[in-house]
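Structure first, then comments.
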Amino acid sequence: MPFALHDAHLHLGFTSSPCALACQAAREGSLLFCQTVDPGEFARLEPLLADAPAVRLGLGLHPWWVKPGQQAAPQLGRFLELLPSTRFVGEVGLDLSPRRRENAAEQLRAFRAVLDRCVARPEVVLSVHCVGAADVLLDQLERWGSARQCAVVFHWFSGSSNELTRARKLDCWFSVGSRMLGTKRGRAYVQAVSPMRLLLETDLPEGGSPDHPVDLDYARVRADLQRAQELLDAARGGSFAAQIAQNARELLGPIR
Numbered sequence: 002m003p004f005a006l007h008d009a010h011l012h013l014g015f016t017s018s019p020c021a022l023a024c025q026a027a028r029e030g031s032l033l034f035c036q037t038v039d040p041g042e043f044a045r046l047e048p049l050l051a052d053a054p055a056v057r058l059g060l061g062l063h064p065w066w067v068k069p070g071q072q073a074a075p076q077l078g079r080f081l082e083l084l085p086s087t088r089f090v091g092e093v094g095l096d097l098s099p100r101r102r103e104n105a106a107e108q109l110r111a112f113r114a115v116l117d118r119c120v121a122r123p124e125v126v127l128s129v130h131c132v133g134a135a136d137v138l139l140d141q142l143e144r145w146g147s148a149r150q151c152a153v154v155f156h157w158f159s160g161s162s163n164e165l166t167r168a169r170k171l172d173c174w175f176s177v178g179s180r181m182l183g184t185k186r187g188r189a190y191v192q193a194v195s196p197m198r199l200l201l202e203t204d205l206p207e208g209g210s211p212d213h214p215v216d217l218d219y220a221r222v223r224a225d226l227q228r229a230q231e232l233l234d235a236a237r238g239g240s241f242a243a244q245i246a247q248n249a250r251e252l253l254g255p256i257r
């Protein structure tokens with residue numbers, strides 16, 4: 002019997018029929034760690050998906066959505082108000098690439114506040130966005146001790162090999178998808194990480210946003226996960242479907 006495929010990073014809130022997709026996933030035994038980009042999206046989706054047995058809905062404050070200046074404080078306040086209601090956090094993190102660094106101070110302030118609240122909760126699972134900021138983000142994890150207290154999952158890790166070594170020493174998890182594994186660096190990184198710390202992801206749907214949802218069904222998610230598993234197995238030279246499925250169940254829990 003084939004092992005279930007679990008998605009550690011996708012955006013149900015960017016889809017036109019999140020409940021239908023969640024039901025399809027549950028029928029196939031697939032767990033979905035669904036990211037949100039801000040507290041408003043989480044608050045909208047939470048009642049819709051509260052009874053979806055396959056869904057783990059993350060409370061997010063994506064660096065792209067962190068508001069600039071004085072607008073950031075109420076947004077962060079709402080995030081922190083909702084945080085005690087869930088042990089799943091995502092998508093959070095830092096993006097200091099040239100196009101995104103204009104709100105760098107607000108990003109860093111928000112991420113530090115998230116870590117400060119999560120460090121005392123070992124049950125928390127954080128899915129982390131990190132672009133052009135691995136050294137800064139790892140500094141924060143080391144300073145707060147968060148990676149050793151919570152389960153920190155790097156989504157599509159793109160830092161240097163030295164930064165990957167730092168993240169591995171912190172016992173972080175890594176969610177990898179077909180697009181990452183389509184690159185030479187992505188395949189090399191998967192070879193370097195323990196298979197006990199790897200998860201599959203799709204980061205679907207492509208395009209879309211909370212305000213402009215797009216169509217997506219589970220067949221597309223399944224196909225992308227299957228492709229990622231095949232690329233992962235090829236990169237590592239073996240069959241790792243059982244281990245990857247076990248990792249997801251360990252981190253996300255069983256289908257309820």
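In the working numbering, the protein residues as written are 2 to 257. In this text, a Cβ means the ideal position worked out from N, Cα and C, and glycines have one as well.
Use the C-beta contact count for Gly208: other C-beta atoms within 10 angstroms, 16 or more gives buried, fewer gives exposed. Reading the sequence shown from its first residue, position 207 is the one you call residue 208. Of the other Cβ atoms in all chains shown, fewer than 16 fall within 10 Å of the Cβ of Gly208; this residue is therefore exposed.
Just the C-alpha distance for Cys119 and Glu231, rounded to the nearest angstrom, thanks. Here residue 119 refers to the residue found at position 118 of the sequence shown. Here residue 231 refers to the residue found at position 230 of the sequence shown. Taking the straight line from one Cα to the other gives about 34 Å.
Grab me the residues of Ala249's own chain with a C-beta within less than 7 Å of its C-beta, minus the 5 sequence neighbours each way, in chain order. Start at 1 with the first residue of the sequence shown, and residue 249 comes out as number 248. Cβ within range, chain order: His7, Ala9, Leu32 and Leu200.
Report the residue from Leu182, Gly183 and Pro196 whose alpha carbon sits nearest the alpha carbon of Arg169. To locate residue 169, count along the sequence shown from 1; it is residue 168. In terms of Cα proximity to Arg169, the closest of Leu182, Gly183 and Pro196 is Pro196.
Terminal residues of the continuous alpha helix (DSSP H) containing Val137? Against the sequence shown, residue 137 aligns to sequence position 136. Looking at the DSSP string, the run of the alpha helix (DSSP H) that includes Val137 is Ala135 to Trp145.
Express the C-alpha separation of Pro99 and Ser161 in angstroms, rounding to a whole number. By 1-based counting over the sequence shown, the position of residue 161 is 160. By 1-based counting over the sequence shown, the position of residue 99 is 98. Cα to Cα, Ser161 sits roughly 17 Å from Pro99.
Given that a residue counts as buried once 16 or more other Cβ atoms are within 10 Å of its Cβ, and exposed if not, what is Met2? The sequence position of residue 2 within the sequence shown is 1, counting from 1. At Met2 the pLDDT is 41, less than 50, meaning the model places this residue with poor confidence and gives no usable figure here.
Note the first and the last residue of the continuous alpha helix (DSSP H) segment covering Cys20. In the sequence shown, residue 20 corresponds to position 19, counting from 1. DSSP places Cys20 in the uninterrupted alpha helix (DSSP H) bounded by Pro19 to Arg28.
Residues bridged to Ala152 by DSSP? Counting from 1 along the sequence shown, the entry for residue 152 is found at position 151. Answer is Val126.
Can you name the start and end residues of the beta strand (DSSP E) that Ala9 belongs to? Locating residue 9 in the sequence shown gives position 8, counting from the first residue. First-last of the beta strand (DSSP E) with Ala9: Asp8 to Leu11.
Close beta carbons around Leu13, own chain, < 6 Å, minus the five adjacent residues each side: Position 12 of the sequence shown, counted from the start, is the residue given in the question as residue 13. If we look at Leu13 and ignore the five residues flanking it on each side, its Cβ neighbours are Pro19 and Cys35.
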